[in-house]
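Peer 1: Each residue of the sequence shown is one higher than the one before, counting from 1 in our numbering.
Positions of the beta carbon are idealized from the N, C-alpha and C atoms, including for glycine.
Note that the coordinates shown come from a computational prediction; the quantities given were computed from them, not determined experimentally.
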Amino acid sequence: MKTVFKYAAAVIVMLAVFGQTFATLAQSSLSQAGKIWYDDGFLYVNIINEGVLIINNFDPKAPKKVGFIQIPGNVDIAVRGNIMYANSHQDLVALDISDLNAIRELRRIPAVFTHRPRPGAWDANTIAWRTGNDLQNIIRSAFGGFGLVGRTGNNGIGMMGNTFGVNSNPLVMSAAPTAKAPANRPSGGGKGGSMACFVLMDDFLYAIDSRDLLVFSIRNAASPELIGQKIPVNSDIETLFGYENRLFVGSQSGMYIFNATERARPQLEGTYRHVRSCDPVVVEGQYAYVTLRNGSDCGGNVNQLDVIDISNPSRPQKVRTYPMTNPHGLGIDNGLLFICDGRDGLKAFDASNPRAIKQVAHFSNIQTYDVIPDNHRKILMMVGGNKITQYDYRDPFKLAELSVLDLSSTSDIQAVNR
């Protein structure tokens, strides 16, 4: 019996040591970076299933990590002013991020997403929601979630890093105006990359899961409300992009165009079908740009860029196809098209004539996933290979790398007191 107790005690000690080691590792390391969102000088990076890393990007030559918000099961975000909207597994949560010392959950709409990200199944080809249930999700749901590091609040949401400011001049994120953005920009203030599942337009938040389009009113920004019924789209939708008064849904089998002139009730306006593949989309003017690639989740064997004429949204027509290596996310600004060609790096194209685009830059030997072009400062923010890499594209023929920020650790979060 003494031997049994002796071994049991040894096991307990080993578990205690392992637990302490795990906690230390959890506090210093992060898993894979995913979606990105940019708003008012700050860049928000989803760390898949863990939460959101906040980056002060007022100086793109020297970006600084200023905080990490723990959000169990998180894969997508949208930010306007002091409010962050995020999924936590199947729930939508609204968070007050005005004080990073005290993140507050303002509202939670439980089980609004019928599908959830599949923990442990993410890879370079995964971009959206996936179906299924597992023990981890059941446990988290039963016990209300749990935090990974630092203090935790409601349902496991917590904060690591107690900073919010820029050098010695504290900044408070002010609420973005509700006026419509200029017609040549995605409306709604901040914006996500082409892999996004969330889009802001005026007083509305649009979101997709793997099959439905959902509409939330954020007229009261702190208390989002689901409007009406979910809008069925298809069983394989992946990405959402907003442009002017329309929503463009990318799926593994095609692109769906919704007219959102009546913000609360988007109406399906047109569909473009393509071979089965992964499919993010961006839009500028009368053209949509769709990258198609093969992937473990998507199937298919094509790797290409399709240019779609959407001058008649009810009858979108493909006008040109360009071969690619393994294209992922993409972005466009005033005829300059950026494509994350996976393992083949970042490519920039002169798309002033969409029917005859020309490559103007290629940064190889880097892993690329998605981009956001800041069309005010002409700064391109790219996520890939667990890094944020930024480029100056004021001269499109001479793109210049500005900085590279490693996203794999929280140990370098900078403490700047308000």
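Taking the beta carbon of S352 as the centre, do at least 16 other beta carbons fall within 10 Å, making it buried, or is it exposed?
Peer 2: exposed
Peer 1: Would I97 pass as a contact of A86 if the rule is Cβ separation under 8 Å?
Peer 2: no
Peer 1: With H, G and I counted as helix, E and B as strand and the rest as coil, what does DSSP make of G242?
Peer 2: In the three-state reduction of the DSSP assignment, G242 falls in the strand class, which pools E and B.
Peer 1: Use the C-beta contact count for H376: other C-beta atoms within 10 angstroms, 16 or more gives buried, fewer gives exposed.
Peer 2: exposed
Peer 1: Have a look at V282, K230, W37, F397 and flag the residue whose alpha-carbon is nearest the alpha-carbon of G250.
Peer 2: V282
Peer 1: Could you check how far apart the C-beta atoms of K306 and T321 are, in whole angstroms? I think they sit under 8 Å.
Peer 2: According to the sequence shown, residue 306 is Asp rather than Lys. Confirmed, Cβ separation roughly 5 Å.
Peer 1: Applying the 10 Å Cβ sphere with the 16-neighbour rule, what's the burial state of V149?
Peer 2: Bear in mind that a pLDDT of 32 at V149, under 50, signals an unreliable position, so the number given afterwards is only what the model happens to contain. Burial call: buried.
Peer 1: Which of helix, strand or coil does DSSP assign to G329?
Peer 2: coil
Peer 1: Since I357 and F349 are thought to touch, with beta carbons under 8 Å apart, how far apart are those beta carbons, to the nearest angstrom?
Peer 2: 4 Å
Peer 1: Can you list, in chain order, the residues of its chain whose CB lies under 7 Å from that of L226, leaving out five sequence neighbours each side?
Peer 2: I109, V112, L214, F216
Peer 1: According to DSSP, what are the bridge partners of F216?
Peer 2: Looking at the DSSP output, F216 sits in a beta bridge with L205, L226.
Peer 1: Give me, in chain order, the residues of the same chain whose beta-carbon lies closer than 8 Å to that of M255; leave out the 5 immediate sequence neighbours on both sides.
Peer 2: Answer for M255: F248, V249, T271, Y272, H274, D279, V281, A288, V290, I308, P316, listed in chain order.
Peer 1: In whole angstroms, give me the CA-to-CA distance for M201 and I208.
Peer 2: 14 Å
Peer 1: Taking the alpha-carbon positions, what's the D406 to I388 distance?
Peer 2: Each residue's Cα considered, the two are about 7 Å apart.
Peer 1: According to the Cβ coordinates, are N49 and G73 closer than 8 Å?
Peer 2: yes
Peer 1: Where does R108 fall in DSSP's three states?
Peer 2: strand
Peer 1: Tell me the residue span of the beta strand (DSSP E) that contains A437.
Peer 2: This structure gives no information on residue 437, because the portion of the chain shown stretches from 1 to 418.
Peer 1: Write down the C-beta distance between G193 and V371 rounded to the nearest angstrom, noting that I regard them as a contact closer than 8 Å.
Peer 2: 6 Å
Peer 1: Going by the beta-carbon positions, is the gap between L402 and Y391 smaller than 8 Å?
Peer 2: Yes, the pair counts as a contact, with Cβ atoms nearer than the cut-off.
Peer 1: Buried or exposed, going by whether 16 or more other CB atoms sit within 10 Å of the CB of A176?
Peer 2: Reliability fails at A176, whose pLDDT of 27 lies under 50, so the model's placement of it is uncertain and the value that follows must be treated cautiously. Flag for A176 reads buried.
Peer 1: Could you have a look at G73 and say whether DSSP puts it in helix, strand or coil?
Peer 2: coil
Peer 1: Can you give me the C-alpha to C-alpha distance between H424 and L92, rounded to a whole angstrom?
Peer 2: Because the chain spans 1 through 418 in this model, residue 424 falls outside it and cannot be assessed.
Peer 1: Assuming contact is defined by CB atoms lying nearer than 8 Å, are I366 and G342 in contact in what I supplied?
Peer 2: no
Peer 1: Please list, in chain order, all residues of the same chain as A124 whose beta carbon is under 6 Å from its beta carbon, the five residues on each side excluded.
Peer 2: With a pLDDT of only 33 at A124, under the threshold of 50, the placement of this residue in the model should not be trusted; the figure read from the coordinates follows. If we look at A124 and ignore the five residues flanking it on each side, it has no Cβ neighbours.
Peer 1: Here's the rule I'm using: 16 or more other beta-carbon atoms within 10 Å means buried, otherwise exposed. How should P60 be labelled?
Peer 2: Classification for P60: buried.
Peer 1: Which word fits R355, buried or exposed, when buried means at least 16 other C-beta atoms lie within 10 angstroms of its C-beta?
Peer 2: exposed
Peer 1: Which residues in the same chain have their Cβ closer than 6 Å to the Cβ of F198, if we skip the five residues on either side of it in sequence?
Peer 2: D76, A78, A207
Peer 1: Given K64, which residues of its chain have a CB within under 6 Å of its CB, disregarding the five upstream and five downstream residues?
Peer 2: N56, Q414
Peer 1: Looking at the structure shown, is G192 part of a helix, part of a strand, or coil, going by DSSP?
Peer 2: strand
Peer 1: Go ahead and label A221 buried or exposed: buried means 16 or more other beta carbons lie within 10 angstroms of its beta carbon, across all protein chains shown.
Peer 2: buried
Peer 1: What are the start and end residues of the beta strand (DSSP E) that includes F349?
Peer 2: Note, F349: beta strand (DSSP E), 346-350.
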